[in-house]
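Here's the structure, in structure tokens; my notes come after.
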Amino acid sequence: MNQNFPKSERLRHKTLVDGLFREGKSLFEYPVRLVYRPLTQAQLDNAFNINIPDRIAPLQVMVTVPKKKRRHAVDRVRMRRRIREGWRLQRRRLREAVEAHPEFRTLSVALICAADTDVDSNRIHAKIGKLISRLISLLSIDSDSSPINPPINPTTEK
149 MNQNFPKSER
159 LRHKTLVDGL
169 FREGKSLFEY
179 PVRLVYRPLT
189 QAQLDNAFNI
199 NIPDRIAPLQ
209 VMVTVPKKKR
219 RHAVDRVRMR
229 RRIREGWRLQ
239 RRRLREAVEA
249 HPEFRTLSVA
259 LICAADTDVD
269 SNRIHAKIGK
279 LISRLISLLS
289 IDSDSSPINP
299 PINPTTEK
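Counted from 1, the sequence shown has number 283 at position 135 by the working numbering; the numbering is strictly sequential.
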């Protein structure tokens, strides 16, 4: 599988970013916070006034390192590169889970650095892997409790 990070997988549309931070849910594994928001086709249609822009991938991500945490630009860039590399190498499982889910059109994700000191790449990769695993399990739980697949009540089955 191709391991590059194309523009279609970068979360860059203002309406999607605003909706992500307004309505998204959050997971945290120090030093990375993950904010996510799954969107159906109808929600994506409603997010844009005229039409949906081309090249919106099933999985879109943005990486931010706050200036308040990392004052020097070189430190912010280094952390952004480490987070983006960890995401790029481990996103395959999540992309497959999103593509296999019938309701989701796209999943918007923001990765936010919470560390105010340097964190090595191996630790960041491990934490991103944990976040992806937790997110996959949450998305599968959400799909099991959706109105399309209502939970079975064992007391009514008797």
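Backbone N, C-alpha and C define an ideal beta-carbon position, used for all residues, glycine too.
Next on the checklist: Determine whether the beta carbon atoms of proline 179 and isoleucine 280 lie at a separation below 8 Å.
Outcome noted: Contact flag unset, no.
Checklist entry - Do the segment 243-254 and the segment 224-234 make contact, defined as three or more Cβ pairs closer than 8 Å? => result Three or more Cβ pairs closer than 8 Å define a contact, and the segment 243-254 falls short of that threshold against the segment 224-234.
Checklist entry - Between which two residues does the beta strand (DSSP E) carrying threonine 254 extend? => result In this chain, the beta strand (DSSP E) harbouring threonine 254 covers 254-261.
Checklist entry - For glutamate 251, which three-state DSSP category applies? => result Coil.
Item to check | Range covered by the beta strand (DSSP E) that runs through threonine 265 | outcome: Note, threonine 265: premise wrong, no beta strand (DSSP E); not H, not E.
Checklist entry - Is it true that the CB of valine 183 sits closer than 8 Å to the CB of serine 174? => result A contact, by the Cβ cut-off of 8 Å.
Item to check | Extent of the continuous alpha helix (DSSP H) to which arginine 232 belongs | outcome: For arginine 232, the enclosing alpha helix (DSSP H) has its first and last residue at 221-238.
Checklist entry - Does DSSP put proline 299 in a helix, a strand or coil? => result Caution applies to proline 299, whose pLDDT of 41 falls short of 50 and renders its modelled position unreliable; the value that the coordinates give is listed next. In the structure shown, proline 299 sits in coil (DSSP, three-state: anything other than H, G, I, E or B).
Checklist entry - For proline 186, which residues of its own chain have a beta-carbon under 6 Å away from its beta-carbon, when the five flanking residues on both sides are left out? => result Counting only Cβ-Cβ distances below 6 Å, and skipping sequence neighbours, we find Phe252 and Leu255.
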